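Everything below concerns the one structure shown next.
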Amino acid sequence: MALAAPLCHLLAAPPPSTSAAADAAHDHAGALAPHSRASPLRRRGRLFLACRVPAAAPSARGRGVAAAATAAGRPTVLVTEKLGDAGLELLRRFANVDCAYELTAEELRAKVSLVDALVVRSATRVTREVFEAARGRLRVVGRAGVGIDNVDLQAATEAGCLVVNAPTANTVAAAEHAIALLAAMARNVAQADASLKAGKWQRNKYVGVSLVGKTLAIMGFGKVGSEVARRAKGLGMDIIAHDPYAPVDRARAIGVDLVSFDEAISTADFISLHMPLTPSTAKLFDDETFANMKKGVRIINVARGGVVDEDALLRALDNGTVSQAALDVFTEEPPPKDSKLVHHEHVTVTPHLGASTSEAQEGVALEIAEAVLGALKGELAATAVNAPMVPAEEVKIGYSSSRDPDDLDTRVLRAMVTKGIIEPISSAFVNIVNADYVAKQRGLRISEERILLDGSPEIPIDSIQVHLANVESKFAGALSDEGDIRVEGEVKDGKPHLTLVGPFSVDVSLEGNLILCRQVDQPGIIGKVGSILGKMNVNVNFMSVGRTAPGKQAIMAIGVDEEPEKEALKLIGDIPSVEEFVFIKL
Numbered sequence: 001m002a003l004a005a006p007l008c009h010l011l012a013a014p015p016p017s018t019s020a021a022a023d024a025a026h027d028h029a030g031a032l033a034p035h036s037r038a039s040p041l042r043r044r045g046r047l048f049l050a051c052r053v054p055a056a057a058p059s060a061r062g063r064g065v066a067a068a069a070t071a072a073g074r075p076t077v078l079v080t081e082k083l084g085d086a087g088l089e090l091l092r093r094f095a096n097v098d099c100a101y102e103l104t105a106e107e108l109r110a111k112v113s114l115v116d117a118l119v120v121r122s123a124t125r126v127t128r129e130v131f132e133a134a135r136g137r138l139r140v141v142g143r144a145g146v147g148i149d150n151v152d153l154q155a156a157t158e159a160g161c162l163v164v165n166a167p168t169a170n171t172v173a174a175a176e177h178a179i180a181l182l183a184a185m186a187r188n189v190a191q192a193d194a195s196l197k198a199g200k201w202q203r204n205k206y207v208g209v210s211l212v213g214k215t216l217a218i219m220g221f222g223k224v225g226s227e228v229a230r231r232a233k234g235l236g237m238d239i240i241a242h243d244p245y246a247p248v249d250r251a252r253a254i255g256v257d258l259v260s261f262d263e264a265i266s267t268a269d270f271i272s273l274h275m276p277l278t279p280s281t282a283k284l285f286d287d288e289t290f291a292n293m294k295k296g297v298r299i300i301n302v303a304r305g306g307v308v309d310e311d312a313l314l315r316a317l318d319n320g321t322v323s324q325a326a327l328d329v330f331t332e333e334p335p336p337k338d339s340k341l342v343h344h345e346h347v348t349v350t351p352h353l354g355a356s357t358s359e360a361q362e363g364v365a366l367e368i369a370e371a372v373l374g375a376l377k378g379e380l381a382a383t384a385v386n387a388p389m390v391p392a393e394e395v396k397i398g399y400s401s402s403r404d405p406d407d408l409d410t411r412v413l414r415a416m417v418t419k420g421i422i423e424p425i426s427s428a429f430v431n432i433v434n435a436d437y438v439a440k441q442r443g444l445r446i447s448e449e450r451i452l453l454d455g456s457p458e459i460p461i462d463s464i465q466v467h468l469a470n471v472e473s474k475f476a477g478a479l480s481d482e483g484d485i486r487v488e489g490e491v492k493d494g495k496p497h498l499t500l501v502g503p504f505s506v507d508v509s510l511e512g513n514l515i516l517c518r519q520v521d522q523p524g525i526i527g528k529v530g531s532i533l534g535k536m537n538v539n540v541n542f543m544s545v546g547r548t549a550p551g552k553q554a555i556m557a558i559g560v561d562e563e564p565e566k567e568a569l570k571l572i573g574d575i576p577s578v579e580e581f582v583f584i585k586l
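Numbering-wise, UniProt numbering puts 274 at position 274 of the sequence shown, and it's gapless, one number per residue.
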C-alpha cells in the first residue's frame with residue numbers, strides 16, 4: 001500500500017486533452033519543463049498518473065493556440081474581472097474579447113446570451129439565473145483561481161456548460177501571503193506603521209512575539225497549506241496540520257504531523273486556514289470552536305471568509321481567547337466600511353491579496369486563458385471541474401499477487417491511483433473515504449485485474465501495474481510502440497520502487513528528486529551526465545539504466561539530493577544523444 005501514492009505522481013500528463021490548457025495546469029507548479037529533441041514530444045497514447053512536471057513555455061503554447069484562430073467564426077469571451085495582460089493577449093488571438101468589469105447581476109445576465117465563454121475571478125457570482133439567461137450559448141466558464149464556490153456547478157452541468165479553473169498558478173503567492181500576514185501580525189507591523197505615521201513613537205505598546213518554537217496548526221493541508229508548512233518550518237516553527245483527506249506520508253515527508261481537529265485547535269499558538277468553503281466548512285470556526293482554542297491563539301485566514309463566523313471571531317478577540325487575527329478574506333467582500341472586525345485594534349487586514357503578485361496574476365491569466373480556449377475548440381481541459389477527465393474503462397490497475405483474489409483488499413491502492421490522477425491537476429483532495437465518489441463525479445471509472453502468481457500468500461502484492469489510455473504523455477519515452485503505457489512498481493525493503501516505464505525496465509526508488517533521461521544507448525552518456533551534475537555541485541545518490549536493446553533506446557534514472565539549477569538541466573538536454581528528459585520532485 002505504501003507503493004501507490006508515490007507512483008501516482010511520477011509520470012504523466014493531464015487527461016485526455018490535446019489543448020494548451022492541459023499543459024497550463026502544470027506550468028506554474030514550480031517544476032521545470034521537459035525538454036526533447038524529438039518532434040513532437042508528446043504522442044497520443046496510454047499514460048500513467050499525473051505529475052508535477054509542466055510542459056512547454058507559455059509563449060510557445062500561446063502561439064500554438066493562436067495559430068488555430070481564424071478571422072471568421074471567432075467566439076466571443078466576456079471577462080468580468082481584471083485578468084493579466086498575457087492571458088488577455090492570448091484570448092484576443094483566438095476570440096473577440098469583451099472586458100466589462102464591475103457588472104451588476106442584471107447587466108451580467110443581459111450580456112451572457114451574447115458570449116460563448118465567461119472568465120471570472122472571485123467577485124462575480126455565476127448563478128443559475130446567469131446560465132438560464134445565456135439561453136444555451138455559453139459553452140465554458142473559466143474561474144481565474146482555485147475556488148469555484150461563486151459558480152453554480154449544478155446549473156452549469158445542467159446547461160451543458162463546462163467549468164474550468166486555474167488551480168496551480170497562484171499556490172506559491174497565497175502561501176507567501178499567509179507567511180507575510182503571520183509575521184506582520186506577530187510583530188504588530190501594520191499597527192506600528194499606522195502609529196508612527198500618525199506622529200507617535202510607541203515602542204513599548206507594540207512588543208511582538210517570536211515565531212521560533214511556536215506551534216502552527218495548518219487547517220487544510222492541500223497545495224497552499226503544504227507550501228505554508230515548508231516556509232514556516234524555515235522560520236523555526238513546529239508544524240501540525242488537520243485535513244481528513246491529506247495523506248500521512250506526504251505530511252511526514254516535510255516534517256508535519258497530521259492530528260485531529262480538536263488537537264490542532266487546542267494546542268496551536270498560531271492557526272492558519274487553508275480549506276475550501278463548502279457546506280461542511282461554512283462557519284466552522286464559531287463560538288464553540290474558539291472556546292476550545294488555546295488562550296491567546298493567533299489566527300490567519302487566506303482561504304475563504306465564510307469558513308469563519310466573523311461575529312464569533314469578534315467576540316473571541318474581545319474576550320482574549322484570540323489574541324490577534326490576520327485576515328485576507330471576508331464573508332462579504334468588500335466588507336462593510338463600519339465593520340468592527342476590520343477596525344479592531346488586534347486585527348490585521350488585506351483586501352483579498354492572496355494571489356496578488358505579478359507572477360501569479362500572469363500565471364493564472366495564462367492558465368485560465370488556455371483552459372478556456374481549449375474548451376472552445378471542443379477539447380476537454382485537464383482542469384475541468386464538472387466533466388469527465390478520461391474515457392470510461394480506460395484506466396486499469398493490475399495487481400500481481402500470490403493471494404486468492406477474494407482475499408486481496410485493494411481499496412486503499414485504488415484510492416491512491418485515483419488520488420494520483422486527480423489531485424495534481426485540481427483542488428480536490430482524495431482519500432480512501434471519497435476516492436470512488438470523486439472518480440465517479442469526474443467520469444473516471446477504474447477497472448481492476450488480479451494476476452495470480454505462484455508464491456507465498458504472506459506477501460499481499462508482488463507488483464502493481466497501471467494503464468491509462470487516450471491522454472498526452474509529458475515523457476514520450478514512457479509510451480510503448482503500441483501507444484500503451486504500462487507503468488509498474490513494487491515495494492523493496494519497505495520502500496516503493498518504479499520497475500517499468502513503457503518498454504524500459506528500471507529500478508528507481510520513489511523518493512527525493514529524480515531526473516529521467518531518454519537517450520540513444522551508447523558509451524559515455526552516464527559519464528557526461530554525471531560530470532555535468534558534479535561540476536554543478538549536485539550530488540547523485542543513485543543511477544539506473546534500462547534499455548530496449550544494445551545500441552537502441554535507453555532510459556536513465558538519476559536520483560539527486562537537491563534540485564539542479566536550470567543551467568545544469570539545460571546542459572544535460574544539450575548532450576547530442578539525449579533525446580528528452582524531465583526533472584521530477586517526488
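Don't be surprised by glycine CBs; every beta carbon is placed ideally from N, CA and C.
Remember, predicted model here, so these are calculated numbers, not experimental data.
Assignment of E449 by DSSP, reduced to helix, strand and coil, places it in the strand class. DSSP lists R143 as the bridge partner or partners of N165.
For V364, the enclosing alpha helix (DSSP H) starts and ends at 358-376. DSSP, read as helix, strand or coil, puts Y399 in strand.
Here the C-alpha atom of P405 lies approximately 8 Å from the C-alpha atom of L452. The residue from E345, K223, V224 with its alpha-carbon nearest to that of D193 is E345. The C-beta of H343 has fewer than 16 other C-beta atoms within 10 Å across all chains shown, which makes the residue exposed. Taking the C-beta atoms as reference points, A554 is found no nearer than 9 Å to L514.
For the 9 Å CB-CB criterion, S195 and N150 do not form a contact. The beta-bridge partner set that DSSP reports for P496 consists of V491. If you draw a 10 Å sphere on the C-beta of K570, you find fewer than 16 other C-beta atoms in it, and that means exposed. Look at F330 here: in three-state DSSP terms it is coil, with no helix or strand label. Linking A159 to T499 through their CA atoms gives a straight-line distance of about 45 Å. By the beta-carbon neighbour count (other beta carbons within 10 angstroms, threshold 16), F542 is exposed.
At a Cβ-Cβ threshold of 9 Å, I254 and A291 do not count as neighbours. Taking 9 Å as the cut-off, the beta carbon of A264 is found closer than this to the beta carbon of A217. By the CB criterion at 9 Å, R411 and I397 fall outside the cutoff. Annotated three-state conformation of M185 is helix, per DSSP. For E448, the closest alpha carbon among the candidates R547, S401, G305, P424 is that of S401. At the C-beta level, A166 and R143 come within 9 Å of one another. CA-CA distance, A325 to A105, rounds to 33 Å. By the Cβ neighbour-count rule, N204 is exposed, with fewer than 16 other Cβ atoms within 10 Å of its own. Taking 9 Å as the cut-off, the beta carbon of L211 is found no closer than this to the beta carbon of I300. Contact check between the stretch 78-98 and the stretch 349-356: fewer than three CB pairs, one atom from each, fall below 8 Å, which does not count as touching. The residue among I446, S456, F475, I461 with its C-alpha nearest the C-alpha of L468 is I446. DSSP, reduced to helix, strand and coil, places K340 outside both helices and strands of the structure shown, so it counts as coil.
Per DSSP, the continuous alpha helix (DSSP H) segment holding E288 begins and ends at 287-291. Residue pairing by DSSP places I299 opposite I271, A325 in a beta bridge. V248 is classed as exposed because its beta carbon has fewer than 16 other beta carbons within 10 Å across all chains shown. Taking C-beta separations shorter than 6 Å and ignoring five residues to either side along the sequence, the partners of A303 in its chain run L273, H274, M275, following chain order. Inter-residue distance for H242 and A251 is about 10 Å (C-alpha atoms, whole angstroms). Looking from the CA of F270, the closest CA among L114, L408, M185 belongs to M185.
Of the residues assessed, A180 falls on the buried side of the cut-off, its CB having 16 or more other CB atoms within 10 angstroms. Exposed is the label assigned to Q154, since fewer than 16 other Cβ atoms lie within 10 Å of its Cβ. Taking C-alpha positions only, T124 is separated from E227 by approximately 28 Å. Within the same chain, and ignoring the five residues on either side of A568 in sequence, the residues whose Cβ sits closer than 7 Å to its Cβ are I532, L533, M536, V538.
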